[in-house]
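A.B. asks:
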Amino acid sequence: MPFIIAEPCIGVKDKSCVEVCPVNCIYEGDDQFYIHPDECIDCQACEAACPVQAIFPDNGVPDKWKTFTEKNRAHFEK
Ligand code: SF4
Numbered sequence: 002m003p004f005i006i007a008e009p010c011i012g013v014k015d016k017s018c019v020e021v022c023p024v025n026c027i028y029e030g031d032d033q034f035y036i037h038p039d040e041c042i043d044c045q046a047c048e049a050a051c052p053v054q055a056i057f058p059d060n061g062v063p064d065k066w067k068t069f070t071e072k073n074r075a076h077f078e079k
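Below you can see the structure in the form of structure tokens.
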């Protein structure tokens, strides 16, 4: 699960990440966007493009947003 979208995306959903992702693995959810854990190729393009710094590598998610790692994965298990 390379990259994770966290709390800053909620209510913003800027979509800059979607536009730069080379493999189109960022999907829209009700309150935020999510990165598909198996499709992401770990290129980091979305991390740099996000205007609210909502995207982190899975080993770099701030403690206060750790639950978003599971939230991203769970979105694709429905
Ligand atoms: Fe897409 Fe690259 Fe971001 Fe993964 S790291 S979600 S492949 S832009």
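Taken in order, the sequence shown gives residues 2 to 79; the numbers are from our numbering.
Ideal placement from N, C-alpha and C gives every residue a C-beta, glycine not left out.
1) Leaving aside the five residues before and after E40 along the sequence, list all residues of the same chain whose C-beta is less than 7 Å from its C-beta, in chain order.
2) What first and last residue would you give for the beta strand (DSSP E) that runs through F4?
3) Could you tell me how far apart the beta carbons of I42 and C18 are, in whole angstroms, since I believe they sit closer than 8 Å?
4) Whose CA, out of Q33, D15 and V13, lies closest to the CA of K72?
5) So is A49 buried or exposed if we call it buried at 16+ other beta carbons inside 10 Å?
C.D. replies: In short:
1) Here residue 40 is taken as the residue at index 39 of the sequence shown, counted from 1. Answer for E40: V24 and C26, listed in chain order.
2) Translated into the one-based positions of the sequence shown, residue 4 becomes position 3. Note, F4: beta strand (DSSP E), F4 to I6.
3) Taking the sequence shown and counting its residues from 1, one reaches residue 42 at position 41. Taking the sequence shown and counting its residues from 1, one reaches residue 18 at position 17. At roughly 14 Å, the Cβ-Cβ gap does not stay under 8 Å, so I42 and C18 are not in contact.
4) The count along the sequence shown starts at 1 and reaches residue 72 at position 71. Of the candidates Q33, D15 and V13, the one whose C-alpha sits nearest the C-alpha of K72 is Q33.
5) As a working note, residue 49 is residue 48 in the sequence shown. It counts as exposed.
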